[in-house]
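Asker:
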Amino acid sequence: MYLYYNELSPYCRKLLYFLDETNISLDLKRVEFPKLEFASLGFSDLSPTGQIPALVTDFGVLSDSTVCMRYLCDRFLKHSFYPAGLYERAEVDLWTEYVNQHVGRHILTLAWQRHWVPLLGKNFDRHAVEQSDAALAKYLPALEAQLAGRSVLAGATLTIADINLMGFMMQCKPAGLYLTPWPLLSRWYETMTKRPKFVDFSARFPLN
Ligand SMILES: N[C@@H](CCC(=O)N[C@@H](CS)C(=O)NCC(=O)O)C(=O)O
Numbered sequence: 124m125y126l127y128y129n130e131l132s133p134y135c136r137k138l139l140y141f142l143d144e145t146n147i148s149l150d151l152k153r154v155e156f157p158k159l160e161f162a163s164l165g166f167s168d169l170s171p172t173g174q175i176p177a178l179v180t181d182f183g184v185l186s187d188s189t190v191c192m193r194y195l196c197d198r199f200l201k202h203s204f205y206p207a208g209l210y211e212r213a214e215v216d217l218w219t220e221y222v223n224q225h226v227g228r229h230i231l232t233l234a235w236q237r238h239w240v241p242l243l244g245k246n247f248d249r250h251a252v253e254q255s256d257a258a259l260a261k262y263l264p265a266l267e268a269q270l271a272g273r274s275v276l277a278g279a280t281l282t283i284a285d286i287n288l289m290g291f292m293m294q295c296k297p298a299g300l301y302l303t304p305w306p307l308l309s310r311w312y313e314t315m316t317k318r319p320k321f322v323d324f325s326a327r328f329p330l331n
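One gets our numbering by counting positions in the sequence shown from 1 and adding 123 to each.
#1: Classify Ala265 as helix, strand or coil using the three-state DSSP reduction.
#2: Is Ser255 near His238, with beta carbons less than 9 angstroms apart?
#3: Going by DSSP, what residue range makes up the alpha helix (DSSP H) through Val322?
#4: Using the Cα positions of Thr189 and Gly244, report the straight-line distance between them to the nearest angstrom.
#5: Pull up the distance between the alpha-carbon of Phe156 and that of Tyr128, whole angstroms please.
#6: With a CB to CB cut of under 6 angstroms and the five nearest residues on each side skipped, what residues in its chain are close to Glu267?
#7: Entirely within the stretch 164-237 and at least 3 residues each: give me those beta strand (DSSP E) ranges in chain order.
#8: On a Cα-Cα basis, can you pick out the residue from Met192, Lys152, Gly173, Arg153 that is closest to Leu159?
#9: Under a three-way DSSP split, which group does Leu151 fall into?
#10: Per the DSSP calculation, Tyr127 is bridged to which residue(s)?
#11: Residues in its own chain within less than 6 angstroms of Leu195 by CB, not counting five upstream and five downstream?
#12: Taking all protein chains shown into account, decide if Asn287 is buried (16 or more other Cβ within 10 angstroms of its Cβ) or exposed.
#13: Please report the straight-line C-alpha distance between Pro264 and Leu281, rounded to a whole angstrom.
#14: Give a single yes or no on whether Ile230 has its beta carbon closer than 8 angstroms to a heavy atom of ligand 1.
#15: Determine the extent of the alpha helix (DSSP H) in which Ala298 is found, giving its start and end residues.
#16: Can the beta-carbon of Tyr134 be found closer than 9 angstroms to that of Gly290?
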């Protein structure tokens with residue numbers, strides 16, 4: 124089993140950080156231009172999106188960071204990160220999907236518009252930034268409320284819900300997203316950044 128990745132991709136970074144936290148070791152293959160490289164390898168038929176991360180298993184290719192985290196937890200029996208119990212698992216899924224649908228993509232839009240667009244000399248899309256700022260103002264309060272009286276998003280210990288959120292939150296700085304209005308989320312983020320596994324991960328794969 125091996126993983127196609129590029130350390131600049133936020134979705135790959137999420138999965139690479141997940142591998143560190145869970146101590147799952149995979150062969151890593153770095154790609155620069157996934158669609159072109161996959162086409163030349165004949166992967167276009169196997170991977171529905173042609174995107175990275177792409178996890179090549181004995182049975183086929185999985186090309187979605189969240190699906191890969193779930194699969195790897197089950198495959199390597201990492202149930203503390205993705206519980207086997209039905210309700211506990213659903214709670215992890217709930218917060219993972221909430222973040223994927225309402226939070227993550229907006230942080231990435233802001234990071235793209237505020238950091239990469241000026242760097243690459245592309246056209247700034249003010250409307251996209253306004254929409255993502257508004258969406259975060261609307262959807263971050265539920266994360267803040269969920270963190271009241273707890274240090275992790277679901278259950279009692281770190282799960283893929285936290286790792287998933289961290290995959291996006293590690294882009295806060297390039298996104299120009301300040302967490303002052305959300306003190307519990309801010310505290311959660313500070314705690315996550317101090318985790319030894321995150322410190323190691325950031326040193327191995329620096330953001331810039
Ligand atoms: N929902 C997917 C998104 C993956 C994704 O957007 N990958 C981007 C890199 S960040 C990609 O491969 N882009 C190249 C392309 O679409 O050709 C996930 O969670 O893995």
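Just so you know, even glycine gets a beta-carbon here, dropped at the ideal spot from N, CA and C.
Quick caveat, the model's predicted, so the values are computed rather than measured.
Answerer: Considering the structure as presented:
#1: helix
#2: no
#3: 319-327
#4: 31 angstroms
#5: 10 angstroms
#6: Result list for Glu267: Trp305, Leu307, Leu308, in chain order.
#7: 177-179
#8: Gly173
#9: strand
#10: Lys152, Ala177
#11: Ile147
#12: That one is buried.
#13: 21 angstroms
#14: For ligand 1, not one heavy atom lies less than 8 angstroms from the Cβ of Ile230.
#15: 295-298
#16: Contact: yes.
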